[in-house]
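Student:
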Amino acid sequence: MAGWPDGVARPERVPAGASADGAGIVVGAGPVTVDVYVDFLCPFCRRFEESAGPTLERLTADGAVSVVYHPMGFLDWLSPDRYSSRAAAASGCAADAGRFTEYARMLFRWQPAEGGPGLSDEELVEAGGAAGVVDGSFGECVRAGVHLGWVGFVTAMAGRAGVEATPSVLVEGLGVSADTASIVGAVLEAGRG
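Below, the structure written as structure tokens:
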């Protein structure tokens with residue numbers, strides 16, 4: 159692991175589509191950057207995905223934004239099996255297979271309750287199939303926890319960036335409310351600048 163700002167060690171392996179700093183997965187190539195910090199165990203993140211997700215997809219498809227998703231292990235303490243980190247690592251495996259967005263959506267649909275066991279590794283693999291992941295190495299990646307080190311890095315970098323809750327959204331580096339209207343307003347404002 160190479161050294162990184164503030165003593166955070168960058169993992170040797172990051173998922174396909176990772177941002178230049180390795181701390182997120184980039185979706186789209188638009189001129190305005192929207193950073194989205196999520197935890198797959200967070201019920202507010204699920205609501206965020208259900209409400210703002212379609213708008214972010216449309217803005218990405220229209221070429222207006224690049225969305226950088228930062229899947230965190232923020233709520234590991236709320237499950238006995240570190241579900242947040244395991245699910246985030248599995249999303250890295252889905253990114254390797256070219257299906258990050260679809261898989262993230264599926265993880266929110268299949269979201270377990272806080273405080274109980276999360277989905278098993280086999281269920282995380284099944285979620286990949288439901289999300290259209292056909293890469294044969296996906297299951298091996300999930301079961302081996304290939305991207306667990308990356309999740310620790312993403313979570314540490316989010317803390318260094320001042321992220322204290324999920325979901326958190328930044329547009330061009332400035333925090334905005336995690337609601338559709340605020341995000342769209344900030345994207346339009348950033349696009350004018």
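Numbering (our numbering), first residue to last: 159 to 351.
Just so it is clear, CB atoms sit at the ideal spot from N, CA and C, and this is done for glycine as well.
(1) Give the DSSP bridge partners of L332, in chain order.
(2) Considering only C-alpha positions, which residue in the set T259, A336, T313 and E284 is nearest to D140?
(3) Given that a residue counts as buried once 16 or more other Cβ atoms are within 10 Å of its Cβ, and exposed if not, what is R244?
(4) Exposed or buried, which one is E207 when buried takes at least 16 other CB atoms within 10 Å?
(5) Determine contact between the stretch 270 to 279 and the stretch 313 to 325, defined as no fewer than three beta-carbon pairs at a distance below 8 Å.
(6) Over what stretch of residues does the beta strand (DSSP E) that includes P229 continue unbroken?
(7) Do you know offhand how far L236's Cα is from F202's?
(8) Taking 6 Å as the limit between beta carbons, can you name the residues of its chain near V309, skipping five residues before and five after?
(9) What first and last residue would you give for the alpha helix (DSSP H) that runs through V166?
(10) Bridge partners for Y195 per DSSP, in chain order?
(11) Kindly indicate the opening and closing residues of the alpha helix (DSSP H) around V283.
(12) Roughly how many angstroms lie between the CA atoms of A252 and R168, to the nearest whole one?
(13) Looking only at its own chain, which residues have a Cβ that is under 8 Å from the Cβ of V166, when we skip the five neighbours before and after it?
Tutor: The structure says:
(1) The residue you call residue 332 lines up with position 174 of the sequence shown. Beta-bridge pairing links L332 to V329.
(2) Outside the modelled stretch of the chain, which goes from 159 to 351, sits residue 140, for which no answer is possible.
(3) Within the sequence shown, the letter at position 86 stands for residue 244. R244 should be labelled buried.
(4) Locating residue 207 in the sequence shown gives position 49, counting from the first residue. Label assigned to E207: buried.
(5) Taking 8 Å as the limit for Cβ pairs, the verdict is that the stretch 313 to 325 does not touch the stretch 270 to 279.
(6) Here residue 229 is taken as the residue at index 71 of the sequence shown, counted from 1. Run containing P229: V223 to P229, per the beta strand (DSSP E) assignment.
(7) As a first step, residue 236 is located in the sequence shown; it is residue number 78 there, counting from the start. As a first step, residue 202 is located in the sequence shown; it is residue number 44 there, counting from the start. Distance between the alpha carbons of L236 and F202 is about 14 Å.
(8) For this step, residue 309 is matched to residue 151 along the sequence shown. Excluding residues within five positions, the ones whose Cβ falls inside 6 Å are G231, S243, A246 and A247.
(9) Within the sequence shown, the letter at position 8 stands for residue 166. It is not in any alpha helix (DSSP H) - V166 carries neither H nor E in the DSSP assignment.
(10) Indexing the sequence shown from 1 puts residue 195 at position 37. DSSP lists H228 and S326 as partners of Y195.
(11) Counting from 1 along the sequence shown, the entry for residue 283 is found at position 125. From DSSP, the alpha helix (DSSP H) with V283 extends over D279 to A288.
(12) Working through the sequence shown from its first residue, we reach residue 252 at position 94. Working through the sequence shown from its first residue, we reach residue 168 at position 10. When rounded, the distance between both Cα atoms is 20 Å.
(13) As a position in the sequence shown, residue 166 is number 8, starting the count at 1. Excluding positions up to five away in sequence, the list reads F311, A314, M315 and R318.
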